[in-house]
Each structure stands twice: as C-alpha cells, then as structure tokens.
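J.: Quick note: the sequence shown uses my numbering, first residue -8, plus one each step. Just so you know, even glycine gets a beta-carbon here, dropped at the ideal spot from N, CA and C.
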Amino acid sequence: MYSSLASQRDSLNTNNQKMSTALARAIHAVVAQKSTRDIDHVRRRRVATHHHRCRRRRSGVDARASSTTPEALKDVKVGFIGAGAMAEAIARGFTSPTRGVLDASRVYAYVGPRGRASPRTEVWEQSLGARVVDEARDVAEACDVIILAVKPHMIEHSCQELKKVIDVDRHLVVSVAAGVSAASIERWLGSHHAARVVRVMPNTPCAVNEAASGVAAGDKATESDMALVCALMESCGIVEVVPEKLIDAVVGVSGSGPAYVFQVIEAMADGGVLNGLNRDVAMRLAAQTVMGAAKMVLETGEHPGALKDKVCSPNGTTIRAVAALERGGVRAAFIDAVCASTNRSIELGAEQRSSHTTKK
-8 MYSSLASQRD SLNTNNQKMS TALARAIHAV VAQKSTRDID HVRRRRVATH
42 HHRCRRRRSG VDARASSTTP EALKDVKVGF IGAGAMAEAI ARGFTSPTRG
92 VLDASRVYAY VGPRGRASPR TEVWEQSLGA RVVDEARDVA EACDVIILAV
142 KPHMIEHSCQ ELKKVIDVDR HLVVSVAAGV SAASIERWLG SHHAARVVRV
192 MPNTPCAVNE AASGVAAGDK ATESDMALVC ALMESCGIVE VVPEKLIDAV
242 VGVSGSGPAY VFQVIEAMAD GGVLNGLNRD VAMRLAAQTV MGAAKMVLET
292 GEHPGALKDK VCSPNGTTIR AVAALERGGV RAAFIDAVCA STNRSIELGA
342 EQRSSHTTKK
C-alpha cells in the first residue's frame, strides 16, 4: 500500500512540474512571438441572474419551496465545532459587512480541547467577533445550527460529544467534512429519532465571499433546512444543490479547486518573471487574469472553449501559447487532479466505515 501511495505521490509531483513548465513555456511563447495583430476584445457581458442564487437541482428536497430571507436569519445562532482555516473562512463569509447574513455575536466556536487557552481563540474573538466556548456541548446549548468543521477522522468523536445534548427538533447539523456520509453522522449522533443533517462542501474563497459550495441533504433534512443552509452559504458565494452521491465530485472540482488555481497563478507569474517582469507585477497580472477570465465564463454564459477561440488569432501569440499548453498536457493534468481529489474523498469515507466496523 505504501509503495502505491508513494507512486501516486511521485506521479502527482511529476504532473505538477509538467504543468508549471508548460505554463511558463506558454508565456515565453507569447513574449517571443512578435505578432502585430490585435486580439479582438470580448465586449458582450450578460449578467447571469443565477450567479448568486442557489441552484436547486436535487429531486425530492426542493429548497425553492421554502425561501429563507436574511431577515429570517437574524435570530439564528450558528456554532462551529472546529475552528480551523475552513471554519474561519465560512464564518467570515457569514459575517461579512458586504454580503453577510449574521451578526458576529450570533456565531459561536469550540476551538478544541484547550478551550479558551487555544491560540485560535484570539482569531475568533478579536478578529471575527465571535464567541468562543469551552466545550463542544456548549455550542449545542447555545446554537440552532451546528457546523461540524473538524477533520474527517474526528467527526465520530465530535458526534459522541454532542449526542447527549442534541435535540433533533431544534438542531440542524451541517457537516463540511469530506468523505463522511450524512447517514454515518446520523448514526453517530445516536438520537432516538435521526438528526437532521446537511452536507456542505465549500472552499476557502468563502473568506472573500467568492466560494463555490455544493450542498446535499441527508435523509431527515427538510425543505426548510435546505433553504436555511442555502441562504447561509449564499452569503459566501454561489451554491449548487446536488445528490449526496456527487459530493465527492464537488470535492474534486471546487473543494480542492483553489489549490489548482493558486498553482496556475504562481506558474503564470513565474513565466512573467522569466521574461523580465517584476515578481509583484507578474503576480497581480496573473491573478487578475484568472479572476477576469472566470468572470467572463460566469457572466457571458459562453463555453470556455468559445471564449478561448475569440482570443486566438491565426498564427498569433495566444494560439502559440495554447499549443505549448497542449504539448505540456495541462488539460489532462487538471482532469487527473480532479479525479485524484474525488477518489481520495471516496477513500476517506471507506476508511471511516472500516474504522467504525473495527471498533464494533
């Protein structure tokens, strides 16, 4: 098993190196090519009204049937079990001064066994303005929505701490852990009547209100539960409702996706530096280019391939760059990355089930 994992790791490292090299070469090709042709500018912008709406595509639980407005959220208290980077990003989205839907005083956090002595306490209390509690059960006693934001292998232990105080009529449990099914969480909470569980797979751009989140309902989650979760997560970005069996794929595309894009930005900036640009200038140009291109895809509704074709003039600089990317296998590397992340999420679920069976 270890040799297989080492082989997978080496393969991923090789793909990352190939991708970075291909991107740097592509930029070098653009600089080297002295084309005088102007590239046509894309001017058409159609603001897609669905950009910041929750797209409800899950049969059975249709969140559209029960709309939750920001006003309806003003009395909701949300508590986090776990206070790492993802939990912090989500909390910042919920309480954002521009698009947030919660006052920071209505956000609670259990930061870990050290309680208020944890160094994370200062971040949550001073920077976020949230309330830090000493025990996980304190979150359940204070809050209506409990967000499980610990590592997948810690979910069962967190549920064991909560099972004595969980109230299935009052509490909605939201999990952001990869690979851990809603059914497992319901079982670990061990209530006489199964808890209402919703799974969410967000990503770290929650912190700047530009997240892409997938949401899936557990068996006992109601339309109102889904509407509430969608309203909360929409404050962080866009939301897609999917069947739970597709959450692993969401992990692969958007959950892990920011890391892929960060590598793209870094590689593009490296290419700029290779061709004489100052590092800071190259980084800003690369990051803005990625953001602008993504916005065009979302707002025009055009296929990325069509938008790419509009930038590629015959025998011009951009088509030379695209050819360099193709030679480097960049598209295949991205597809492999999504599949690797998706498969790891599936493995985490299998490991959790195996661990639970062994304990029995």
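Would you call the CB atoms of F85 and C221 closer than 9 Å?
T.: No, Cβ-Cβ distance for F85 and C221 is not below 9 Å.
J.: Can you check which of these residues, D239, R128, K286, is closest to S204 by C-alpha distance?
T.: Answer by Cα proximity: D239.
J.: Can you list the beta strand (DSSP E) stretches of 3 or more residues lying completely in the stretch 212 to 281, in chain order?
T.: The stretch 212 to 281 contains these whole beta strand (DSSP E) runs: 228 to 232.
J.: Check A100 in the structure and name its three-state DSSP category.
T.: DSSP places A100 in strand when its eight states are reduced to three.
J.: Considering G205, what are the terminal residues of the beta strand (DSSP E) in which it resides?
T.: G205 -> beta strand (DSSP E) spans 202 to 208.
J.: Relative to the C-alpha of I146, which candidate in S175, V123, A133, R161 has its C-alpha closest?
T.: Considering only alpha carbons, the answer is S175.
J.: Just how far apart, CA to CA, sit V321 and V252?
T.: Each residue's Cα considered, the two are about 12 Å apart.
J.: Taking its Cβ as the centre, do 16 or more other Cβ atoms sit within 10 Å of P305, making it buried, or is it exposed?
T.: By the 10 Å Cβ count, P305 comes out exposed.
J.: If the criterion is Cβ atoms closer than 9 Å, does the pair V136 and L180 meet it?
T.: Contact: no.
J.: Measuring alpha carbon to alpha carbon, tell me which of E201, A260, M192 ends up nearest V233.
T.: Checking every option, the nearest Cα to that of V233 belongs to M192.
J.: So for V136, helix, strand or coil by DSSP?
T.: Three-state DSSP puts V136 in a strand.
J.: Where does G70 fall in DSSP's three states?
T.: Three-state result, G70: strand.
J.: Distance, Cα to Cα, A284 vs R335?
T.: Straight-line Cα distance between these residues: approximately 29 Å.
J.: For S166, which of helix, strand or coil comes out of DSSP?
T.: Correct three-state label for S166: strand.
J.: Among R90, S87, A82, which one has its Cα closest to the Cα of V123?
T.: Here the closest residue by C-alpha is A82.
J.: Report the option in S149, L265, A95, M287 whose CA atom is closest to the CA atom of D129.
T.: Ranking the options by Cα distance to D129, first place goes to S149.
J.: Of all the options K211, V188, S172, V206, which has the alpha carbon lying nearest to the alpha carbon of E342?
T.: Taking only the C-alpha atoms, the option nearest E342 is S172.
J.: Give the secondary structure of R128 by DSSP, where H, G and I count as helix, E and B as strand, and everything else as coil.
T.: Helix.
J.: If we call anything under 9 Å between Cβ atoms a contact, is G248 one with N194?
T.: Contact flag set, yes.
J.: Based on the DSSP secondary-structure assignment, which residues constitute the bridge partners of M192?
T.: In the DSSP output, where bridge partners are listed per residue, M192 has G205.
J.: Would you identify the three-state DSSP class for R122, choosing helix, strand or coil?
T.: Reduced to three states, the DSSP call for R122 is strand.
J.: Near C134, what residues of its chain come up, given a Cβ to Cβ distance below 7 Å and the 5 sequence neighbours on each side ignored?
T.: Excluding sequence neighbours, C134 sits near K68, V69, G70, Y99.
J.: By how many angstroms is the C-alpha of A78 removed from the C-alpha of V33?
T.: Because V33 sits at a pLDDT of 33, beneath the cut-off of 50, its placement in the model cannot be relied upon, and the point is left open.
J.: So, under 8 Å CB-CB, I72 and A127 are touching, yes? Tell me the CB distance rounded to an integer number of Å.
T.: About 5 Å; that satisfies the 8 Å criterion.
J.: At the level of alpha carbons, what is the spacing between V288 and P295?
T.: Rounded to whole angstroms, V288 to P295 spans 6 Å at the Cα level.
J.: Alpha helix (DSSP H) containing P295: first to last residue?
T.: 295 to 302 is the span of the alpha helix (DSSP H), which, as asked, contains P295.
J.: Cα separation between K142 and A273?
T.: Rounded to whole angstroms, K142 to A273 spans 35 Å at the Cα level.
J.: Are M427 and T280 close, meaning C-beta to C-beta below 9 Å?
T.: The shown model of the chain, from -8 to 351, leaves out residue 427, and the question about it has no answer.
J.: Excluding sequence positions up to five away, which residues of its chain have a Cβ less than 7 Å from the Cβ of V156?
T.: So the qualifying residues of the chain are R128, A131, E132.
J.: By Cβ distance below 7 Å, which residues in the same chain neighbour L276 in space, the five residues on each side in sequence not counted?
T.: Answer for L276: G263, listed in chain order.
J.: Would you call S345 buried or exposed, if buried means 16 or more other Cβ atoms sit within 10 Å of its Cβ?
T.: By the 10 Å Cβ count, S345 comes out exposed.
J.: According to DSSP, is R187 helix, strand or coil?
T.: Note: R187 maps to strand in three-state DSSP.
J.: From D160 to G246, what does the alpha carbon distance come to, in whole angstroms?
T.: For D160 and G246, the distance between alpha carbons rounds to 30 Å.
J.: Taking I229 as the reference, give the member of V114, V241, K299 with the closest Cα.
T.: Selected option, being the one with the closest Cα: V241.
J.: Would the beta-carbon of I138 fall within 9 Å of that of V167?
T.: Yes, they are a contact pair.
J.: Note the first and the last residue of the continuous alpha helix (DSSP H) segment covering G84.
T.: Run containing G84: 76 to 85, per the alpha helix (DSSP H) assignment.
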